[in-house]
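Numbering (UniProt numbering), first residue to last: 1 to 345. Ideal Cβ positions, reconstructed from N, Cα and C, are used throughout, including at glycine.
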Amino acid sequence: MSFIQIEENSDFPLQNLPYGVFSTEEKPRHRIGVAIGDQVLELSAIKHLFSGPALSKHQDVFDQPTLNDFMGLGHEAWKEARTFLQKLLSASEPTLRDNSELRKRLHLPVGYHGRASSVVVSGTPIQRPVGQMRPDDAFSFPFQAFFVGPGNELGKPIPVDKAQEHIFGMVLMNDWSARDIQKWEYVPLGPFLGKSFGTTISPWVVTMEALMPFVLPSPVQVPKPLPYLCDEEPYAFDINLFVAIKGEGMSNPATICKSNFKYMYWTMKQQLAHHSINGCNLRPGDLLASGTISGPVTAKEMGTEWDLANVQEKCFQPSLFHDCLHKLLKSSDRFTQGILEVLQL
């Protein structure tokens, strides 16, 4: 049994795992993959996990645009690959299942509490945070927000079909992250010093009434959410966003990331309903971050856990700033986050 949801009559259950070459519109380069259910596992992304005697020295075969090199390795390599892939994709194996948190994040809007004291307006300098020993080297950003209007009484959750009445408007938000500190401290209780040193928001709050002309159908959610999160009303928004950085010696900022708010898996209404389901009382002016905004497939829309260091880890090309590769934010960098455009009506 796999942790990936597979239709009962699927041609590609865990027992099959056929190989093939695939591409997508966003990434047209041919890549080797294994089909499971209605999904494809790209083998180049996990090639480093093939550590058995037959494959450990031949991991590069999974970078090729055809299966020929892999086929040429022979029976022992094929057998080793199949055995490993069946284990990797099984329900009992945590390597992919738990690291990606697929199951958890498809069942509830995962979040954590922050603090209001270090929320500052755009243009306020942010000091590089110091950990236990020295300033954090892995200083980066997530792409993220909304203000609560009327609150709720302590002990009385906000129903998802009434949540819209409690959302006043939106701002751009950057929840700065000290990745070195965060990696050391966050298990098992979540971020503390890694995020508490500064959060930047834009100065103007755009009301939901102004944004309603750009509302879109909410994303299809599989599996179906629990009843308290089920909402049929459209509440995704077509808002194009970008991040740009101006490094030392650069005359103009370089755009390094683009995405759209419509890609949020959980809507603001669902997030608000989940936040209050235990009876937590929200107050006027409370600020709730949407979470990092991902895109479909392309590197520049890979908002989930987006930072310049993870670009390297995910085999994407890091940004080229002023003839040097930029992997992490430098103290001299000037950071711009904004709305690229809103579609014309």
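Using DSSP bridges, identify the partner residues of residue i.
{"i": "T199", "result": "V119, D175"}
{"i": "I32", "result": "V21"}
{"i": "L288", "result": "F146"}
{"i": "L93", "result": "Going by the sequence as given, residue 93 is Glu instead of Leu. Looking at the DSSP assignment, E93 forms no beta bridge with any residue, so it has no partner."}
{"i": "N260", "result": "N240"}
{"i": "S2", "result": "S90"}
{"i": "V40", "result": "A35"}
{"i": "G169", "result": "F147, T207"}
For residue i, does the count of other Cβ atoms within 10 angstroms reach 16, so buried, or fall short, so exposed?
{"i": "E301", "result": "Because the pLDDT at E301 is just 42, under 50, the model does not fix this residue reliably, and the point stays unresolved."}
{"i": "H48", "result": "exposed"}
{"i": "D38", "result": "exposed"}
{"i": "E313", "result": "The predicted model places E313 with a pLDDT of 37, which falls under 50 and marks its position as unreliable; any figure quoted below should be read in that light. Per the 10 Å Cβ criterion, exposed."}
{"i": "R29", "result": "exposed"}
{"i": "S51", "result": "exposed"}
{"i": "A178", "result": "buried"}
{"i": "R283", "result": "exposed"}
{"i": "M166", "result": "Note that residue 166 is His in the sequence shown, not Met. When all chains shown are included, H166 counts as buried."}
{"i": "W204", "result": "exposed"}
{"i": "G123", "result": "exposed"}
{"i": "Q270", "result": "buried"}
{"i": "V187", "result": "exposed"}
{"i": "N68", "result": "exposed"}
{"i": "N260", "result": "buried"}
{"i": "D11", "result": "exposed"}
{"i": "M1", "result": "exposed"}
{"i": "D161", "result": "exposed"}
{"i": "N9", "result": "exposed"}
{"i": "N152", "result": "buried"}
From this set, the options, which residue's C-alpha is nearest residue i's C-alpha?
{"i": "Q164", "options": "V121, I126, M208, L189", "result": "M208"}
{"i": "L85", "options": "L41, P53, V121", "result": "L41"}
{"i": "G33", "options": "F70, G169, G52, E7", "result": "F70"}
{"i": "H274", "options": "F237, D238, P225, E233", "result": "P225"}
{"i": "A91", "options": "L14, W78, H107", "result": "L14"}
{"i": "T292", "options": "M264, I245, L55", "result": "M264"}
{"i": "L287", "options": "V21, V148, L241", "result": "V148"}
{"i": "A244", "options": "V110, Y235, N174, V205", "result": "N174"}
{"i": "G20", "options": "F214, S10, Q64", "result": "Q64"}
{"i": "F3", "options": "P227, K27, G279, T95", "result": "T95"}
{"i": "E7", "options": "P217, K27, L17, I36", "result": "I36"}
{"i": "residue 350", "options": "R82, S23, L106", "result": "This structure leaves residue 350 out entirely; the chain is present only between 1 and 345."}
{"i": "T255", "options": "I46, L241, A45", "result": "L241"}
{"i": "G155", "options": "H75, C280, S290, E26", "result": "C280"}
{"i": "L88", "options": "G285, L108, L73, I46", "result": "I46"}
{"i": "V121", "options": "I201, D11, T267, N278", "result": "I201"}
{"i": "L189", "options": "V110, T83, D11", "result": "V110"}
{"i": "P125", "options": "Q182, P159, W176, S259", "result": "W176"}
{"i": "D238", "options": "P213, L229, C230, Q221", "result": "P213"}
{"i": "Y228", "options": "I158, L55, E153, W78", "result": "I158"}
{"i": "S23", "options": "L17, L216, S44", "result": "S44"}
{"i": "L172", "options": "M1, S290, C257, P18", "result": "S290"}
{"i": "E79", "options": "G151, N16, G285", "result": "Looking at the sequence itself, residue 79 is Lys, so the reference to Glu does not match. When each option's Cα is compared against that of K79, the closest is N16."}
{"i": "L108", "options": "R128, Q221, D180, A236", "result": "Q221"}
{"i": "D231", "options": "W266, C257, K262, P253", "result": "W266"}
{"i": "P53", "options": "S276, V130, D180, T83", "result": "T83"}
{"i": "R128", "options": "N9, L193, V215", "result": "L193"}
Query - Uninterrupted alpha helix (DSSP H) stretches inside the stretch 204-256 (no shorter than 4 residues) - result: 208-211
Query raised in the report: Are the stretch 103-121 and the stretch 56-67 in contact at 8 Å, needing three or more beta carbon pairs?
Result: no
Query raised in the report: With a cut-off of 8 Å, do at least 3 Cβ pairs link the stretch 241-256 to the stretch 177-197?
Result: no
Query raised in the report: What runs of the beta strand (DSSP E), each 3 residues or longer, lie entirely inside the stretch 37-84?
Result: 39-42
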